[in-house]
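In the numbering used here, the protein residues as written are 15 to 261.
Beta carbons are placed, not taken as given, at the ideal position from N, Cα and C, and that holds for glycine.
All remarks here apply to the structure that follows.
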């Protein structure tokens with residue numbers, strides 16, 4: 015049996031469905047963060063809805079360099095996509111062909127525009143298949159030592175100073191009253207400024223976890239009271255990071 019025939023016979027039986035395909039979050043080898051099954055599913059899909067076409071094409075080539083990228087179709091779904099354009103992205107699925115959704119990094123449809131497409135697929139009764147893969151929200155929570163029973167992902171904090179402080183105070187209230195872990199992100203070049211702001215705004219005994227370069231070679235997940243962060247030398251400038259607060 016030739017290698018091509020062996021590869022074809024090993025591929026899973028892909029049913030027409032919307033497949034949510036986690037992507038890598040770092041330059042780590044694909045096989046260190048994604049199951050082999052994911053790669054086999056990816057090889058069987060010809061139609062993709064992606065947050066960024068260039069990133070998605072690069073990711074697919076990292077999964078399998080033999081994939082003929084030019085034979086695939088890509089449709090962009092990002093924060094700027096008009097809502098009226100989203101339903102048509104399921105046209106291949108309506109015609110009986112599987113569709114894959116790929117986020118910029120990590121799991122699609124979690125803090126991601128892909129959720130809008132999943133909602134439409136559910137409304138239309140299509141099968142939705144989420145696959146296993148890395149999520150910075152879940153992996154940082156796992157490594158933080160904070161409450162994993164109740165938590166909230168807040169996305170980006172407001173830019174305006176007054177609204178930003180109010181959001182931090184609200185998160186502090188939820189931590190105190192609900193014992194709820196608070197998770198949020200920042201534009202990477204503002205990471206150091208954010209930590210300094212947390213130190214100056216919140217009680218010194220509150221604990222902050224900074225998880226950076228998750229799954230990457232420089233992965234770091236550090237949990238300390240804000241008082242300890244105030245004495246610590248750190249530099250997260252331009253490094254992808256996620257932040258968690260708890261008491």
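Where DSSP assigns a beta bridge to residue i, which residues make up the other side?
i, result
"residue 80", "Note: residue 80 sits in no beta bridge, so no partner."
"residue 248", "In the DSSP output, where bridge partners are listed per residue, residue 248 has none listed."
"residue 37", "120"
"residue 31", "Residue 31 is not bridged to any residue."
"residue 236", "224"
"residue 259", "196 and 222"
"residue 88", "62"
Take residue i and list the residues in its own chain whose beta-carbon comes closer than 8 Å to its own, dropping the five residues that flank it on each side.
i, result
"residue 111", "30, 60 and 61"
"residue 70", "37, 62, 64, 88 and 116"
"residue 169", "125, 198 and 199"
"residue 85", "60"
"residue 161", "193, 194, 195 and 260"
"residue 203", "251 and 252"
"residue 181", "168, 171 and 172"
"residue 188", "166, 194 and 196"
"residue 93", "127"
"residue 101", "134"
If you compare alpha carbons, which of the options is closest to residue i?
i, options, result
"residue 44", "73, 206, 231 and 124", "73"
"residue 217", "90, 239 and 37", "239"
"residue 247", "206, 212, 129 and 229", "206"
"residue 327", "215, 119 and 134", "Residue 327 falls outside the range modelled here, since the chain spans only 15 to 261, and no answer is possible."
"residue 118", "203, 148, 184 and 138", "148"
"residue 178", "208, 154 and 189", "208"
"residue 80", "105, 54 and 101", "54"
"residue 210", "251, 35, 107 and 58", "251"
"residue 151", "256, 28 and 33", "256"
"residue 67", "83, 52 and 56", "83"
"residue 114", "28, 46 and 224", "28"
"residue 233", "221, 222, 220 and 254", "254"
Ends of the beta strand (DSSP E) at residue i?
i, result
"residue 204", "Looking at the DSSP string, residue 204 is not in any beta strand (DSSP E), and its letter there is neither H nor E."
"residue 169", "165–170"
"residue 63", "61–64"
Which residue marks the beginning of the alpha helix (DSSP H) containing residue i, and which one marks its end?
i, result
"residue 191", "175–192"
"residue 55", "50–57"
Using a Cβ-Cβ cut-off of 7 Å (strictly less than) and excluding sequence neighbours within five positions of residue i, which residues of its own chain qualify?
i, result
"residue 103", "63, 89, 91 and 131"
"residue 213", "240, 243 and 244"
"residue 230", "40, 41 and 42"
"residue 129", "123"
Which same chain residues, not among the five before or five after residue i, have their C-beta less than 6 Å away from its C-beta?
i, result
"residue 141", "31"
"residue 48", "147"
"residue 144", "34"
Where are the alpha helix (DSSP H) runs, 4 residues long or more, that stay fully inside the region 91–155, in chain order? 105–108 and 128–138
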